[in-house]
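Inspection log for the structure reproduced underneath, given as structure tokens.
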Amino acid sequence: MCGLTGFLASRLPAAPDAVLAAMAGTLRHRGPDADGIWNDPDAGIGLGHTRLSIIDLTAAGTQPMVSSCGRMVIVYNGEVYNADDLRRGLAAAGRSRLQGHSDTEVIVEACALWGVGDTIRRLIGMFAIAIWDRETATLSLVRDRLGIKPLYWGRTGDAITFGSELKSIRAYPGFYPVVDRSALAAYMRLGHVPAPHSIYAGVHKLEPGMILTVARGGEPRIERFWDLQALATEGQRQPRDLSDGEALDEGEALIRDAVKRRMISDVPLGAFLSGGIDSSTIVALMQAQSGRPVRTYSIGFTDPAYDETAAAAAVARHLGTDHTQLTVDAEQTRDVIPGLSDMYDEPFADSSQIPTALVSAMTRKHVTVALSGDGGDEVFAGYNRYLLGDAVRRRTACLPMFMRTGLARGISQMPLSMLSRLLSVVPDRYLPSHPGQKLHKLADILGAPNEMDIYRRLVAIWPDPALIVPGAAPPRHPIWDDAAAPDAGGFIERMQIIDSLSVLPDDMLTKVDRASMAVGLEVRVPLLDHRLVEFAWSLPRRMRVRGGEGKWLLRRILERHVPRALTSRAKTGFSLPIGDWLRGPLRDWAEDLLDPSGLAQDGMLDPEPILDAWRAHLKGHRNYANQIWAVLMFQAWRRRWPTSMGTGT
368 MCGLTGFLAS RLPAAPDAVL AAMAGTLRHR GPDADGIWND PDAGIGLGHT
418 RLSIIDLTAA GTQPMVSSCG RMVIVYNGEV YNADDLRRGL AAAGRSRLQG
468 HSDTEVIVEA CALWGVGDTI RRLIGMFAIA IWDRETATLS LVRDRLGIKP
518 LYWGRTGDAI TFGSELKSIR AYPGFYPVVD RSALAAYMRL GHVPAPHSIY
568 AGVHKLEPGM ILTVARGGEP RIERFWDLQA LATEGQRQPR DLSDGEALDE
618 GEALIRDAVK RRMISDVPLG AFLSGGIDSS TIVALMQAQS GRPVRTYSIG
668 FTDPAYDETA AAAAVARHLG TDHTQLTVDA EQTRDVIPGL SDMYDEPFAD
718 SSQIPTALVS AMTRKHVTVA LSGDGGDEVF AGYNRYLLGD AVRRRTACLP
768 MFMRTGLARG ISQMPLSMLS RLLSVVPDRY LPSHPGQKLH KLADILGAPN
818 EMDIYRRLVA IWPDPALIVP GAAPPRHPIW DDAAAPDAGG FIERMQIIDS
868 LSVLPDDMLT KVDRASMAVG LEVRVPLLDH RLVEFAWSLP RRMRVRGGEG
918 KWLLRRILER HVPRALTSRA KTGFSLPIGD WLRGPLRDWA EDLLDPSGLA
968 QDGMLDPEPI LDAWRAHLKG HRNYANQIWA VLMFQAWRRR WPTSMGTGT
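Using the working numbering, the letters of the sequence shown correspond one by one to residues 368 to 1016.
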């Protein structure tokens, strides 16, 4: 893992080396082992890099790197797991005299031989790449198929600027940070800014599976080299006819290979282990291919309602891993909060960012690389909302709308305390966790007029962000725009695709990337190997959802290695009691950030609906923790990264 940044300018900034050093310096946490810059004044191009050494720890892996023929110059963040296969292909073509064994050298030599587009399509792995072609005088920016690694780009004056994180672009001379009002509205709706937008006007996220090409002074051209929506649509239109056994064998072989490839490292390696289906599957197949105990790591909390360490420890004992766990109390957890705005340099409101930061910091004390189970829910239909949304759609279709909206209104108006009293007569074994909150969520979706509106209400934080961001509407996006929504399979498949296109890269993978890179930890995600994703989408729904549970295929593969009894508990997620903390130990911090004059600064937010939600939350009428957390994270970010307000809609 590393950090990359750079510019392509019609006129070079003064002291270009100092500019590149400043831009790269903002990314030192991503690459603490080495840094480098390169520029060509005649071409107006500058590249900067910070390195976290994982493969080939020698100077032969240093970046920026120039191809042996001198044509290509590359900076790169990520890992390519089929580098040895590509190296053999280069040797067969006469390019056998490589200086080291880094995957960077393989990529830059392959681009010089086969071209950027052809090379990128051959890669298995996670990557963000900037590569300058000195022969054609063109810059290519590339982001991997699933968006595991980040890459931002934009215009600053007459320059194209780019970087792994926004802070590197902010360091370019003349950058003026202006909040994009429509992006802010999208953030308030979702808790993250969806690609291709960023919180800043004129700065964009390069979407997963895209290549941007631009010549000096020209307009960028963006093309897609891998299309998840197209392959999912085709796969569901004509799914493969495999028996259960055939699907299990092929699926396990693919996961096993994905895991094996991601265990290659020249530095210490381990894995996150929560005891859930996804991480347990990864660890089981790591241990099956390792000659010594795999090092595994989990984090727990003194509040038993949010602690999963017993389940993780049970799986670790069964598999024989070298397991380390850390239990933290509320005070230790809250200590992370002040640093979140540095870690996530655009607003980000998934509160599981806190435990992710804690487990990353703990793991980094022992290893430099960790495998994780991220992606299993999106690829194999594991989220509870898939089954809930589909059940609500099917079971309420026969009810008139006035009846559904009336029922929803009645539930919504009941305070949490009243719902708790009503539900107290039901035995605990029949109730989900936080049943009152779940009923309020059910009420939110009962009145939805169609299936896609059910999904939108399930994922929304502020369902109507125009209430709190005056004069703004979220940009066109599949999550809320029927015309842009995918048309593949049924309702569950549509939810999966949208999650994979947006929630996965913009929330889940962003969360892990920033938390792990903040401490110089590389996290690898075998379940997002694109070959496995393509396989999963080639299967009929019954291989993903069966018997009232998601991840059917993944569960059955895991049962070949771990008894079902150890992993069959209800899905809990990686969460914290943020709602209770906001009423208690975080209240003073929250009150400061929710000061009405601060909320109304620059006309960014309307304080009244925010403060109404805050008062209702404090009284316990409803749990508005997610809504308040989104506002708090924006306000904390705004204090850390001063901006002005734009007029974009």
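Yeah, the Cβ is synthetic: ideal placement off N, Cα and C, and Gly gets one too.
With 16 as the cutoff for other CB atoms within 10 Å, does residue 765 come out buried or exposed?
-> Working through the sequence shown from its first residue, we reach residue 765 at position 398. Answer is exposed; the Cβ neighbour count stays below 16.
Given 8 Å as the limit, is there contact between the stretch 545-561 and the stretch 858-866, that is, 3 or more CB pairs closer than that?
-> Because the criterion of three Cβ pairs below 8 Å is not met, the stretch 545-561 and the stretch 858-866 do not touch.
Cβ-based neighbour list, residue 539, same chain, cut-off 8 Å, excluding 5 preceding and 5 following | By 1-based counting over the sequence shown, the position of residue 539 is 172. Hits under 8 Å: 374, 380, 386, 390, 523, 526, 528.
Measuring CA to CA, which of 590, 704, 584, 906 is closest to residue 577?
-> Walking along the sequence shown from the start, residue 577 turns up at place 210. Considering only alpha carbons, the answer is 590.
Inter-stretch contact (C-beta, 8 Å, three-pair minimum) for the stretch 979-991 and the stretch 917-937 = Contact between the stretch 979-991 and the stretch 917-937 is absent, with fewer than three C-beta pairs closer than 8 Å.
What are the uninterrupted segments assigned as alpha helix (DSSP H) that are 4 or more residues long and contained completely in the stretch 513-547, given in chain order?
-> 533-537
Residue span of the alpha helix (DSSP H) that contains residue 862, given as start and end | Mapped onto the sequence shown, residue 862 falls at position 495. Per DSSP, the unbroken alpha helix (DSSP H) holding residue 862 starts and ends at 858-865.
Those runs of the alpha helix (DSSP H) which lie wholly inside the stretch 903-989 and span at least 4 residues = 919-926, 945-950, 954-960, 963-966, 974-986
CB of residue 740 within 9 Å of CB of residue 639, strictly = As a first step, residue 740 must be located in the sequence shown, where it is residue number 373. As a first step, residue 639 must be located in the sequence shown, where it is residue number 272. Contact flag set, yes.
Beta strand (DSSP E) segments (min. 3 residues) lying fully within the stretch 399-470 | 401-407, 412-418, 439-447
Starting from residue 664, trace the beta strand (DSSP E) both ways and give me its first and last residue.
-> In the sequence shown, counting from the first residue as 1, residue 664 sits at position 297. Run containing residue 664: 662-668, per the beta strand (DSSP E) assignment.
Tell me residue 682's beta-bridge partners as DSSP assigns them.
-> For the purposes of this step, residue 682 is taken as residue 315 along the sequence shown, with counting starting at 1. DSSP lists no partner for residue 682.
Member of 370, 964, 778, 579 whose CA lies at the smallest distance from the CA of residue 988 | Here residue 988 is taken as the residue at index 621 of the sequence shown, counted from 1. Ranking the options by Cα distance to residue 988, first place goes to 778.
What is the DSSP secondary structure of residue 572, counted as helix, strand or coil?
-> What you label residue 572 is simply residue 205 of the sequence shown in a count that begins at 1. Looking at residue 572 - three-state DSSP - the assignment turns out to be strand.
Simplified DSSP state of residue 589, which is helix, strand or coil | Numbered from its first residue, the sequence shown carries residue 589 at position 222. The answer is strand: DSSP assigns residue 589 an E or B state.
What residue does the beta strand (DSSP E) around residue 624 start on, and which one ends it?
-> As a first step, residue 624 must be located in the sequence shown, where it is residue number 257. Counting along the chain, residue 624 falls outside any beta strand (DSSP E), though it belongs to the alpha helix (DSSP H) covering 611-628.
Given 8 Å as the limit, is there contact between the stretch 662-669 and the stretch 687-697, that is, 3 or more CB pairs closer than that?
-> yes
Per-residue DSSP class, three states only, for residue 489 | The count along the sequence shown starts at 1 and reaches residue 489 at position 122. Three-state DSSP puts residue 489 in a helix.
Under the three-state DSSP convention, the category residue 370 falls into = Residue mapping note: residue 370 aligns to position 3 of the sequence shown, counting from 1. Three-state result, residue 370: strand.
State yes or no: is the C-beta of residue 495 within less than 9 Å of the C-beta of residue 516?
-> Sequence index remark: in the sequence shown, residue 495 carries index 128 (1-based). Sequence index remark: in the sequence shown, residue 516 carries index 149 (1-based). Cβ distance < 9 Å, so residue 495 and residue 516 count as in contact.
What are the start and end residues of each continuous alpha helix (DSSP H) run of 4 or more residues lying completely inside the stretch 816-891, in chain order?
-> 818-826, 858-865, 876-884
Would a C-beta distance cut-off of 9 Å place residue 714 and residue 559 closer than the cut-off?
-> Mapped onto the sequence shown, residue 714 falls at position 347. Mapped onto the sequence shown, residue 559 falls at position 192. In contact: residue 714 and residue 559 (Cβ atoms closer than 9 Å).
Report yes if the C-beta distance between residue 370 and residue 394 is below 9 Å; otherwise report no.
-> The residue you call residue 370 lines up with position 3 of the sequence shown. The residue you call residue 394 lines up with position 27 of the sequence shown. By the CB criterion at 9 Å, residue 370 and residue 394 fall inside the cutoff.
Report the three-state DSSP secondary structure of residue 1007 (helix, strand or coil).
-> Sequence index remark: in the sequence shown, residue 1007 carries index 640 (1-based). The answer is helix: DSSP assigns residue 1007 an H, G or I state.
Quick one: residues in its chain with C-beta nearer than 6 Å to the C-beta of residue 353, no 5 flanking neighbours on either side, listed in chain order?
-> This structure leaves residue 353 out entirely; the chain is present only between 368 and 1016.
Could you pull the start and end residues of the alpha helix (DSSP H) that residue 759 belongs to?
-> Here residue 759 corresponds to residue number 392 of the sequence shown, with the count starting at 1. Per DSSP, residue 759 belongs to the alpha helix (DSSP H) from 751-763.
Rounded to a whole number of angstroms, what is the C-alpha to C-alpha distance between residue 856 and residue 849?
-> Here residue 856 is taken as the residue at index 489 of the sequence shown, counted from 1. Here residue 849 is taken as the residue at index 482 of the sequence shown, counted from 1. Taking the straight line from one Cα to the other gives about 15 Å.
So residue 824 packs on residue 816, CB below 8 Å; how close in whole Å?
-> The count along the sequence shown starts at 1 and reaches residue 824 at position 457. The count along the sequence shown starts at 1 and reaches residue 816 at position 449. Actually they do not touch by this definition, with Cβ atoms about 11 Å apart.
Just mark residue 668 as buried or exposed, buried being the case when its beta carbon has 16 or more other beta carbons within 10 Å.
-> Your numbering for residue 668 matches position 301 in the sequence shown. It is buried - the Cβ of residue 668 has at least 16 other Cβ atoms within 10 Å.
Give the secondary structure of residue 991 by DSSP, where H, G and I count as helix, E and B as strand, and everything else as coil.
-> For the purposes of this step, residue 991 is identified with residue 624 of the sequence shown, where counting begins at 1. Looking at residue 991 - three-state DSSP - the assignment turns out to be coil, as it is neither helix nor strand.
In terms of alpha-carbon separation, which member of 683, 396, 574, 376 lies closest to residue 885?
-> Here residue 885 refers to the residue found at position 518 of the sequence shown. Nearest of 683, 396, 574, 376 to residue 885, Cα basis: 396.
Residues near residue 901 in its chain [Cβ-Cβ closer than 7 Å; skip 5 each side] = Position 534 of the sequence shown, counting from 1, holds the residue named residue 901. Same-chain partners within the cutoff: 598.
If you follow the beta strand (DSSP E) that residue 639 is part of, which residue opens it and which one closes it?
-> As a position in the sequence shown, residue 639 is number 272, starting the count at 1. Residue 639 -> beta strand (DSSP E) spans 636-639.
Which residue's Cα is closest to the Cα of residue 455: 443, 854, 903, 468?
-> Along the sequence shown, one-based indexing puts residue 455 at 88. Closest option to residue 455, Cα to Cα, is 468.
Whose C-beta lies closer than 6 Å to the C-beta of residue 427 among residues of the same chain, with five residues either side of it excluded?
-> For the purposes of this step, residue 427 is taken as residue 60 along the sequence shown, with counting starting at 1. Hits under 6 Å: 466, 467.
Output the distance between the C-alpha atoms of residue 760 and residue 742, rounded to the nearest integer angstrom.
-> Translated into the one-based positions of the sequence shown, residue 760 becomes position 393. Translated into the one-based positions of the sequence shown, residue 742 becomes position 375. Residue 760 and residue 742: Cα-Cα distance of roughly 25 Å.
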